[in-house]
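Trainee: Here it is: the structure, laid out below.
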Amino acid sequence: MAKHLPLLIIGAGPFGLAMSAHARRAGVEHVVVGKSMEFWKTHMPKHMYLRSACDWHYDPFDEDTIERYLQTKNLKSNEVEPLALDFYLGYCDWFQQKRAIESLQARVDALNLTQDGSTYFESVLEDGKTMTAQNVVVAVGFRYFMNVPEPYRALFPAGRFAHTCDFVDLTALKNKRVLIIGGRQSAFEWAALISEQGADTLYLSYRHPTPVFEKSDWSWVNPLLDIIAIDPGWFRRLKPEKKESLVQRFWAEGRLKLEPWLGKRISRDTIKLLPQSQVTACKEQPSGELEVTVNGVTCIVDQIILATGYKVNVSQIPFLANGNILNQLDSKNGFPVLDDHLQSNVAGLFFTSMCATQDFGPFFAFTAAVRTSAKLIGAALRG
Ligand SMILES: Cc1cc2nc3c(=O)[nH]c(=O)nc-3n(C[C@H](O)[C@H](O)[C@H](O)COP(=O)(O)OP(=O)(O)OC[C@H]3O[C@@H](n4cnc5c(N)ncnc54)[C@H](O)[C@@H]3O)c2cc1C
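Per my numbering, numbering through the sequence shown is continuous, rising by one, with the last residue being 1080.
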């Protein structure tokens, strides 16, 4: 029988890196495929600040924490928070070096389940090379789940709108007029950054009232994730009303609040907030200008940006769509159905990060969950 790699980790973002650190300590031979921190480097704008703080680090063994990284630089957390994207990427590099994590800077194009006496996975890389593994962890984050609501696709001319995920070079918007649709942290942070790049006017349209600029309290999240690491079914077993209230609490901290450091940056004459509004029409003029109607008022803009978030649909992961696994994978509401160790009904195939939020809670969309994720998967690898 051919020898297969015990573990293939697809994705070199926070979840993939923490998984690798865990597997290495446990002596599990593995390969990480994916460009290191690609999503953070290429789908977030330069000069962005994080919402999370130093306590959401990557080390399942609590050694190579952000605090430890700060000590190497003689810095204290209050000197670096809110964390700038560049600083955070510095931590990620340091963590990778400390844990000797090397990722194969490649892309998996297809993933198949196959047999040679036992079942195993065959991944096909972009250059056609293949790699076989007994276990696969899918840690591909948000990228494939951009939410572009259908009505907007129909309303806006093709090529004149983009999701925040694909619009991070904000220098191109100098002297331009921009409409951002969405009213949560990303919408406001993109607005601040675009405005600081010298945009002419920015309109922000969102259906709800303006969230408050107030510090979010995430202090309760780490203790909860520690519980889940020991009792993985904890979230799943909650009574519906308890589960709902937990989801609401998370929602309230994340969505009903905007970071206080954004408040001042948004208060400029060139930024027009349009709370409780909705776009109803859009016409492209021969001049190329877009005439957009928002609650009966016309805004003339050059670019539309959708800060409309992300929505999991596992069938949109290209290497699954290109392979033979999807038709045997159990899913519900677009999410893979997972057991207590983030394993799908296909033995040896694990999903984490945003794909795990339905079964493990909304915290799994954030880096707070990387350590718990690694521990749970690490305890259930086949072979
Ligand atoms: C604007 C914005 C701000 C955010 N701010 C915060 C914050 O402050 N704090 C926080 O905790 N979270 C934040 N998040 C959420 C955070 O981005 C995610 O929690 C985190 O990135 C998920 O990590 P991940 O490892 O699953 O995936 P990602 O970080 O998305 O990494 C995905 C990895 O998969 C690889 N990959 C993808 N497809 C393939 C393929 N086919 N083959 C091989 N490799 C592949 C990529 O190259 C990459 O290495 C933010 C998200 C957004 C959009």
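Virtual Cβ for every residue (Gly too), placed ideally from N, Cα, C.
Please report how far the alpha carbon of R721 lies from the alpha carbon of L1026, in whole angstroms.
Mentor: Looking at the two C-alpha atoms, the distance is approximately 28 angstroms.
Trainee: Using CA coordinates, which residue listed in E819, E735, E799, Q768 is at the minimum distance from A807?
Mentor: Taking only the C-alpha atoms, the option nearest A807 is E819.
Trainee: Return yes when the Cβ of V730 is within less than 7 angstroms of the Cβ of L801, no when it is not.
Mentor: Yes, these two residues count as a Cβ contact at 7 angstroms.
Trainee: Under 8 angstroms by Cβ, that's how I've got H701 and A830 pegged, so tell me the actual separation to the nearest angstrom.
Mentor: Yes, H701 and A830 are in contact; Cβ-Cβ is about 6 angstroms, under 8 angstroms.
Trainee: What three-state label does DSSP hand Q831 in the structure shown?
Mentor: Three-state DSSP puts Q831 in a strand.
Trainee: Given 8 angstroms as the limit, is there contact between the region 826 to 842 and the region 702 to 715, that is, 3 or more CB pairs closer than that?
Mentor: Touching, yes.
Trainee: Can you tell which of S1012, L899, G960 has its C-alpha closest to the C-alpha of T907?
Mentor: T907 has its Cα closest to that of G960, out of S1012, L899, G960.
Trainee: In whole angstroms, what is the alpha-carbon distance linking G1080 and L943?
Mentor: If you take the alpha carbons of G1080 and L943, they lie about 36 angstroms apart.
Trainee: Between F1032 and ligand 1, is the CB less than 6 angstroms from at least one heavy atom?
Mentor: No.
Trainee: Just reading off the alpha helix (DSSP H) that A884 is part of, what are its end residues?
Mentor: Run containing A884: 882 to 893, per the alpha helix (DSSP H) assignment.
Trainee: Taking the alpha carbon of Q973 as the point to measure from, which residue in E735, W931, F947, S902 has its own alpha carbon closest?
Mentor: It is S902 whose Cα lies nearest to the Cα of Q973.
Trainee: F1016 and V805 - do their beta-carbons sit closer together than 7 angstroms?
Mentor: Cβ distance < 7 angstroms, so V805 and F1016 count as in contact.
Trainee: When you compare only the Cα positions, how much space is there between A978 and R874?
Mentor: Straight-line Cα distance between these residues: approximately 17 angstroms.
Trainee: Given a threshold of 16 other Cβ atoms within 10 Å of its Cβ, counted over all protein chains shown, does H860 qualify as buried or as exposed?
Mentor: Label assigned to H860: buried.
Trainee: Please give me, in chain order, every unbroken run of the alpha helix (DSSP H) with length at least 4 that falls completely inside the region 1000 to 1080.
Mentor: The region 1000 to 1080 contains these whole alpha helix (DSSP H) runs: 1015 to 1018, 1054 to 1057, 1067 to 1075.
Trainee: Expressed to the nearest angstrom, what Euclidean distance is found between the alpha-carbon atoms of P1033 and V821?
Mentor: Straight-line Cα distance between these residues: approximately 21 angstroms.
Trainee: DSSP state of Q812, grouped into three classes?
Mentor: Strand at Q812.
Trainee: Taking the alpha-carbon of L786 as reference, which of V1011, M734, K969, Y900 has the nearest alpha-carbon?
Mentor: It is M734.
Trainee: For F858, report the span of its beta strand (DSSP E) as first-last.
Mentor: That run of the beta strand (DSSP E) goes 858 to 860.
Trainee: In terms of residue numbering, what span does the beta strand (DSSP E) encompassing I968 cover?
Mentor: Residues 968 to 971.
Trainee: Can you list, in chain order, the residues of its chain whose CB lies under 6 angstroms from that of T990, leaving out five sequence neighbours each side?
Mentor: Closer than 6 angstroms at the Cβ level, and outside the excluded window around T990, lie T977, A978.
Trainee: Contact between the region 1066 to 1079 and the region 916 to 936 is defined here as three or more beta-carbon pairs at a separation below 8 angstroms; is this criterion met?
Mentor: Yes, the region 1066 to 1079 is in contact with the region 916 to 936.
Trainee: Starting from the C-beta of G708, find all residues in its chain whose C-beta is less than 6 angstroms away, skip the five residues before and the five after it, and write them out in chain order.
Mentor: Around G708: G731, A836, V837.
Trainee: Just to confirm the assignment, what range does the alpha helix (DSSP H) spanning A926 have?
Mentor: Note, A926: alpha helix (DSSP H), 918 to 927.
Trainee: Between S749 and ligand 1, is the CB less than 6 angstroms from at least one heavy atom?
Mentor: For ligand 1, at least one heavy atom lies less than 6 angstroms from the Cβ of S749.
Trainee: Between A869 and D999, what straight-line distance do the alpha-carbon atoms span, to the nearest angstrom?
Mentor: Cα-Cα distance, rounded: 11 angstroms.
Trainee: Counting C-beta neighbours from all protein chains within 10 Å, is the total for T1049 16 or more, i.e. buried, or is it exposed?
Mentor: Under this definition T1049 is a buried residue.
Trainee: Relative to ligand 1, is the shortest distance from any of its heavy atoms to the C-beta of V918 smaller than 6 angstroms?
Mentor: No - ligand 1 has no heavy atom lying nearer than 6 angstroms to the Cβ of V918.
Trainee: In this structure, how does DSSP classify P846 when only helix, strand and coil are distinguished?
Mentor: Here P846 sits in coil by DSSP.
Trainee: Would you identify the three-state DSSP class for D679, choosing helix, strand or coil?
Mentor: The structure shown does not extend to residue 679, since the chain is modelled only from 698 through 1080, so no value can be given for it.
Trainee: For S984, does the count of other Cβ atoms within 10 angstroms reach 16, so buried, or fall short, so exposed?
Mentor: Answer is exposed; the Cβ neighbour count stays below 16.
Trainee: Is it the case that the Cβ atoms of E886 and S913 are separated by a distance below 7 angstroms?
Mentor: Cβ distance not < 7 angstroms, so E886 and S913 don't count as in contact.
Trainee: Under a three-way DSSP split, which group does H727 fall into?
Mentor: In the structure shown, H727 sits in a strand (DSSP, three-state: E or B).
Trainee: Is there at least one non-hydrogen atom of ligand 2 closer than 6 angstroms to the beta-carbon of T1064?
Mentor: Within the structure as shown, ligand 2 is missing, the only ligands being ligand 1.
Trainee: With distance defined between alpha-carbon atoms, name the residue in V865, D761, L714 nearest to L890.
Mentor: Taking only the C-alpha atoms, the option nearest L890 is V865.
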